[in-house]
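Visitor: So that we are looking at the same thing, I have put the structure below in structure tokens.
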């Protein structure tokens, strides 16, 4: 009787190197929420906060979309349900957006996803490159390109994607920081909110 192959706990043959394993198919994507409805709610949240950031920075994996930048070829990329409406609201308010991501070992994959999703044009700075270190290089480049300074950064960690609730949290955190005695005077080119899975 042949011995059964050891598995890694997910039913995958542990003797097969990870780069040769067949990637499991993702569950079907959740339906995308009505972007205009989400946008209206997001705009209402912003209207309730008199002080808004000049720049918002997003991670990609598990922030805008629920996967890493490797998908089976026949599976199109998709966003978290409320992501598109939130992006539209930020753009309508004239808030700059950027991407800081260690998403891709293969140059161009994440950018191709952004184009397929029709949101690539929303981000003025797209710092997408792989590194083992924290995203200091990503943020330094974004600050150079956008003219913002690191002062006043509010970071919101997400595990299950950007949502209206996470938007509310980020806006509230930013408003609280701006109200502190050490906050930069209004009109300064400072401050951003960053939504990401990991710094």
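Residue numbers (the UniProt record's numbering): 1 to 199.
Where is the CB? At the ideal position from N, CA and C, for every residue including glycine.
1. Would you identify the three-state DSSP class for residue 51, choosing helix, strand or coil?
2. Comparing C-alpha positions only, which one of 117, 116, 110 and 115 sits nearest to residue 127?
3. When you compare the stretch 131 to 145 with the stretch 41 to 49, are there three or more beta-carbon pairs, one atom per stretch, that lie closer than 8 Å?
4. Among residues of its own chain, excluding the 5 on either side of residue 124, which ones have a beta-carbon nearer than 8 Å to its beta-carbon?
5. If you follow the alpha helix (DSSP H) that residue 96 is part of, which residue opens it and which one closes it?
6. Going along the chain, which residues of its own chain have a beta-carbon closer than 7 Å to the beta-carbon of residue 80, five neighbours each way excluded?
7. Just confirm the distance between the C-beta atoms of residue 100 and residue 142, as a whole number of angstroms; I'd bet it's less than 8 Å.
8. I need the straight-line Cα distance from residue 62 to residue 53, nearest angstrom please.
9. From the DSSP output, which residues share a beta bridge with residue 61?
10. Using beta-carbon positions only, say whether residue 36 and residue 94 come within less than 9 Å of one another.
11. What did DSSP end up calling residue 82 once you bin it into helix, strand or coil?
12. Could you please give me the residues that DSSP links to residue 126 through a beta bridge?
13. Please look up how many angstroms separate the CB atoms of residue 164 and residue 41, rounded, as I've assumed it's under 8 Å.
14. Given this structure, state the Cα-to-Cα distance separating residue 87 from residue 157, to the nearest angstrom.
15. Is the Cβ-Cβ distance between residue 167 and residue 60 less than 9 Å?
16. Considering only the alpha carbon of each residue, which of 154, 159, 179 and 172 lies closest to residue 55?
17. Buried or exposed for residue 130, going by 16 or more other Cβ atoms inside 10 Å?
18. Leaving out five residues before and five after residue 116 in sequence, what residues of the same chain have Cβ atoms less than 7 Å from its Cβ?
Guide: Result, derived from the coordinates:
1. Position 51 of the chain shown, counting from 1, holds the residue named residue 51. Correct three-state label for residue 51: coil.
2. Here residue 127 refers to the residue found at position 127 of the chain shown. Out of 117, 116, 110 and 115, 110 has the C-alpha closest to the C-alpha of residue 127.
3. no
4. For the purposes of this step, residue 124 is identified with residue 124 of the chain shown, where counting begins at 1. Once the five neighbours on either side are set aside, the close Cβ partners of residue 124 are 96, 97, 98, 145 and 146.
5. The residue labelled residue 96 in the question sits at position 96 within the chain shown. Counting along the chain, residue 96 falls outside any alpha helix (DSSP H), though it belongs to the beta strand (DSSP E) covering 96 to 101.
6. Along the chain shown, read from residue 1 onward, the residue named residue 80 stands at position 80. The answer, listed in chain order, is 64, 65, 66, 161 and 162.
7. Here residue 100 corresponds to residue number 100 of the chain shown, with the count starting at 1. Here residue 142 corresponds to residue number 142 of the chain shown, with the count starting at 1. Confirmed, Cβ separation roughly 6 Å.
8. Residue 62 sits at position 62 when you count from the first residue of the chain shown. Residue 53 sits at position 53 when you count from the first residue of the chain shown. Computed Cα separation, rounded: 23 Å.
9. Counted from its first residue, the chain shown places residue 61 at position 61. Per DSSP, 65.
10. What you label residue 36 is simply residue 36 of the chain shown in a count that begins at 1. What you label residue 94 is simply residue 94 of the chain shown in a count that begins at 1. Going by C-beta atoms, residue 36 is not nearer than 9 Å to residue 94.
11. One-based indexing of the chain shown puts residue 82 at position 82. Residue 82 falls in the coil class under three-state DSSP.
12. For the purposes of this step, residue 126 is taken as the residue at position 126 of the chain shown. DSSP, once it has assigned bridges, lists 99 as partnering residue 126.
13. Residue 164 sits at position 164 when you count from the first residue of the chain shown. Residue 41 sits at position 41 when you count from the first residue of the chain shown. Between residue 164 and residue 41 the beta-carbon gap is near 6 Å, inside 8 Å, which marks them as a contact.
14. On the chain shown, residue 87 is found 87 positions in, with the first residue counted as 1. On the chain shown, residue 157 is found 157 positions in, with the first residue counted as 1. Taking the straight line joining both Cα atoms gives about 17 Å.
15. Working through the chain shown from its first residue, we reach residue 167 at position 167. Working through the chain shown from its first residue, we reach residue 60 at position 60. Cβ distance not < 9 Å, so residue 167 and residue 60 don't count as in contact.
16. Taking the chain shown and counting its residues from 1, one reaches residue 55 at position 55. Residue 154 is the option with its Cα nearest to residue 55.
17. The sequence position of residue 130 within the chain shown is 130, counting from 1. So residue 130 counts as exposed.
18. Counting from 1 along the chain shown, the entry for residue 116 is found at position 116. Answer for residue 116: 76 and 77, listed in chain order.
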